[in-house]
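In this note's numbering, the protein residues as written are -7 to 1230.
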């Protein structure tokens, strides 16, 4: 029934209508009221239940039972009340009752249950039908769901996005006030508000989390005993840590709001037949807006008149501006995805808005008076930007490394604690003189001792240490709890463009497919190839200096020496801009003018222009080799084969073509402007293949090899072509097989087959056969066999159903995912998570946001646009600069834009003290700056020597047939930082608004640093779990059995042991990670066989040694042991043999626990290199064995250690200490060998 209440969607799984119960009918109220009354009555009048004989016989137990009933009821009541906060479904059962759809009018709230990884389920208010006819509705994740009267289910807003083209082109805007009121009620205002909760509200949310509540409960119990100073300090520390976390969350939400919200500004709209100005947050669907220039787009809209140049980097991650055109007046239904070239999306930057051609006489030269018009389709959180923001806010619920396994771990320890407290309870009740309140407190303290107050602080210490290390490596982390997940990662996913490669596109030359190879000299580029490259583009000047358009087009224009002037003439001007006024020498100036432009269409995969050249008018076209070849009169025989081979090497290949206009076509301007696309794109002449390269980042291969060497599976998920992705995969050593298979849907549809990426031959075999022969790199097998292959997928050539099948069946084996939409990237990552993989995703654009947010460790990396140096001055300072400072050696260089502190002349004698001090400070600051500049120059010289040595050792490059290239084929992104103007300038945005990790440096190896430090944190966390578990188990035994045996420790003994162990705790989490990723992956779960076995057998050995010590002491001093057992309630400490031996044993156990369970190499530096901890443990061991051997009787007497009765006892006890120490080492090593990839 609940699934039928809502239309099928990807967000909400099911609904349940609820009606709030009266508070006195809640299961957390009336039963406990009765229990409170019963427990009080039973305590005061026990004879109401027990007969007199039974009560007198068992009075001790009955009174104790009645005494603890009341606090137990309070505990259960509090726990159930808190559970209604922790669990939405439990709250729905307790506080609400379910209402059927037929009784909708009785419902007050709705339980909304989400699909996996689509946010947290919630109970939201249901707004009933209003008097003016508004249907019932509820708001969930910033979306209003209304009841559809016809279908009888709740539906999301249906925006006007599927009308015909002609409907929009004839639409004249919202004319009537009634229409605007209806639209506002149906869709709401155009607002995307990120609500930032108040500090106190967010703190209450954190304070009511299960782990924090349990910790505060433990603190409260310790406060009831003598330890209230320590408990209050611990409680204050925990509250302080939560306050810090709350401030961090609020700061992150403010940053998100500032980056993601579209600012409210004025905009012109056509309403009631008039042009009026309103605020952008008042825009409604079907409003007609006047598209502004150089402003962010506030809505999703479709162009109906004119054109616009838009930068969609905030949505697609690609920095190439796109030309948007108006709809044609035809009866074709609009598809937002299919007709994206007509769409303006919210959050994108509108660079230029032009009215329709000929809209006004001066429109072409005065664009301010002629702007494009668009119809609003979607507003608020339903726009592209709004959906992105919703993904960031709600795609994944709040999780914590301290939940889940931590509670299971604690639960196991509680079992042992219950047994220990039961033993103490039985012994305590047998003594009629013992305080029942003290006994109850002791039992509860044993149970709560399994969660030591320092646990959250120790876990946070490990994470904070890693945070500090990441900061030094220029990695910014917004969600610290994800650091241990980075250590668990087994699958690493990478976007290609901007992540593994730079997003620069460099022009390499032209291949005429005539056997001469790539023509990469300016003089060898054919005339007509140069004309096509110079004129067939969509480049526009936004202002005097900013050229907007496709990176490939800009690269070709710049490489060939062309520029575009203010009147849009394309001029051959290879000289610097400062000399452009000078006339060219002898060569006649080449000048072109674009008369008519048919923009690039994804469906046609080409663009065309009509241009005016000095020798006539031409049609020029460029596009994919297949599409251009089909339009040419003739092409070289092996043209497509050469294009495919070039693309397989990682290059981008664009085919060029041209033809002169016929006499009939060039009669007049009117005839030229009336030409149709299909009439000019015919009988073209082939003009070669333009070759571009998108260079790899210089450390991309090193990063992938390190990750795969660390036993991670690496995957590329990109929107680029499959051949380019395969080439990159080979370049970075991700693809090692000789063959790559690409998924293809059969002609009949519904079935997937795999074909060779080179020969296109179908590979026969079942699903199991394909998977069985797919190479999977492992720690023990690094190279593939000859009959193995890699799997690749081109999402563009398979249907959505086939893509879903491939993801479900082959996802764990596919290495290359090409032509993937942002939603498909998210689906791939989500599916890996469902299959219990821990996933890392690295990307640079907002098209990666869904995947970055779904991944356990999302990493935003920098592309070249992010690191472009900027300067306020016209001339950009690049590299080390000379200076004119008199007190700085002339041979020293200074960083670009570096400013020295200006020191005024020295003040005369008698100057006031503070003025003289200010001068001294300035003088000292300048001296420090000069010293820093000297050190910087020394680093530059050393780096230059290293580069010179590497260059000398490198093999000489093979010279091509045409000699050295005239074109820049080396990425500026990969240039050394000291030669491009200093460190990168970071602008947080795009991927970084969603990714928990943002790499501030250009080095892709930061990804390895995150994984490496994540492993260190994970290993340290598990190490702490083991140590704390063993300490708590031995403490529970000490507080029960040894306490009842009368064992106590002296004050000096406790201080000595406490100081040494505190040093161990302090420095344990400060171990530095190793500089490389090891092949061995760390244990990822607390409940791993290795963890269980090592803790269990180590504790068993400790328990045996403690029991054996008691038996040995009883053999030689039975009277004292018996006396201690009878008088164990005495608070006074007396030096006895049992006390002394137990102190030495338990102190050694604590030290051995640290030494044995410290996990150093291969994940972090070994215990010997952690000098403070190693020295502390050595001192602890020497002190214990010094006491045990009685080497200094005066020393033993100072610390109240009783002398041993015989030499034989001393020998046996020393042997027992050695057994405990070396036995634990053996247990740990055997467990590692048996249960881990040691």
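We put the beta carbon where it would ideally sit given N, CA and C, even for glycine.
On a predicted model such as this, the values are computed, not experimentally measured, just so you know.
Residue pairing for residue 282: DSSP places it in a beta bridge opposite 365. A straight-line Cα-Cα distance of about 22 Å links residue 314 and residue 321. Taking all protein chains in view, the Cβ of residue 381 is crowded by 16 or more other Cβ atoms within 10 Å, so the residue is classified as buried. Collapsing the DSSP output to three states places residue 732 in a strand. By the CB criterion at 7 Å, residue 338 and residue 297 fall outside the cutoff. When the Cα atoms are used, residue 598 and residue 564 turn out to be separated by approximately 25 Å. Counting C-beta pairs with one atom in each stretch, the segment 698 to 706 and the segment 644 to 653 have fewer than three that are closer than 8 Å, which means they do not touch. In this structure, DSSP gives residue 37 a state outside helix and strand, which the three-state scheme calls coil. Counting C-beta pairs with one atom in each stretch, the segment 714 to 724 and the segment 1009 to 1029 have fewer than three that are closer than 8 Å, which means they do not touch. Take residue 805, set aside five residues on each side of it, and the residues of its chain with a beta-carbon closer than 6 Å to its own are 763, 766 and 783, in chain order.
For residue 204 and residue 932, the gap between their C-alpha atoms comes out near 51 Å. Fully contained in the segment 488 to 545 are the following alpha helix (DSSP H) runs of length 4 or more, in chain order: 519 to 527. Collapsing the DSSP output to three states places residue 303 in a strand.
Collapsing the DSSP output to three states places residue 1153 in coil. The alpha helix (DSSP H) runs lying completely inside the segment 1139 to 1215 and spanning 4 residues or more are 1163 to 1181 and 1185 to 1190, given in chain order. About 6 Å separates the beta carbon of residue 12 from that of residue 88, a gap short enough to meet the 8 Å contact definition. Judged by their CB atoms, residue 786 and residue 724 are not nearer to each other than the 7 Å cut-off.
In terms of Cα proximity to residue 1182, the closest of 1164, 72 and 1205 is 1205. In the three-state scheme derived from DSSP, where H, G and I count as helix and E and B as strand, residue 346 is classed as strand. The C-alpha of residue 147 is placed about 10 Å away from the C-alpha of residue 141. Burial check for residue 295: the Cβ neighbour count within 10 Å reaches 16 or more, so the residue is buried.
Rounded to the nearest whole angstrom, the C-alpha separation of residue 54 and residue 1152 is 53 Å. Here the alpha carbons of residue 731 and residue 777 stand approximately 11 Å from one another. In this structure, residue 908 keeps its C-beta atom at 7 Å or more from the C-beta atom of residue 900. The beta carbon of residue 234 sits closer than 6 Å to the beta carbons of 198 from its chain, once the five residues preceding and following it are set aside; these are given in chain order. For residue 1143, the number of other beta carbons within 10 angstroms of its own is at least 16, and it is reported as buried.
Here the alpha carbons of residue 1229 and residue 462 stand approximately 27 Å from one another. One Cα belongs to residue 1093, the other to residue 1215, and the distance between them is close to 8 Å. Boundaries of the beta strand (DSSP E) harbouring residue 745: 744 to 748, taken from the DSSP string. For residue 38, the closest of 819, 481 and 51 by C-alpha to C-alpha distance is 51.
In the three-state scheme derived from DSSP, where H, G and I count as helix and E and B as strand, residue 726 is classed as coil. Put simply, the segment 280 to 288 does not touch the segment 177 to 187. Fewer than three CB pairs are less than 8 Å apart. The distance from the Cβ of residue 795 to that of residue 481 is about 25 Å, inconsistent with a contact at the 8 Å cut-off. Shown here, residue 796 sits in a helix according to DSSP, grouped into three states. For residue 786, the enclosing beta strand (DSSP E) begins and ends at 781 to 786. Per DSSP, residue 314 lies in no alpha helix (DSSP H); the unbroken beta strand (DSSP E) holding it starts and ends at 314 to 317.
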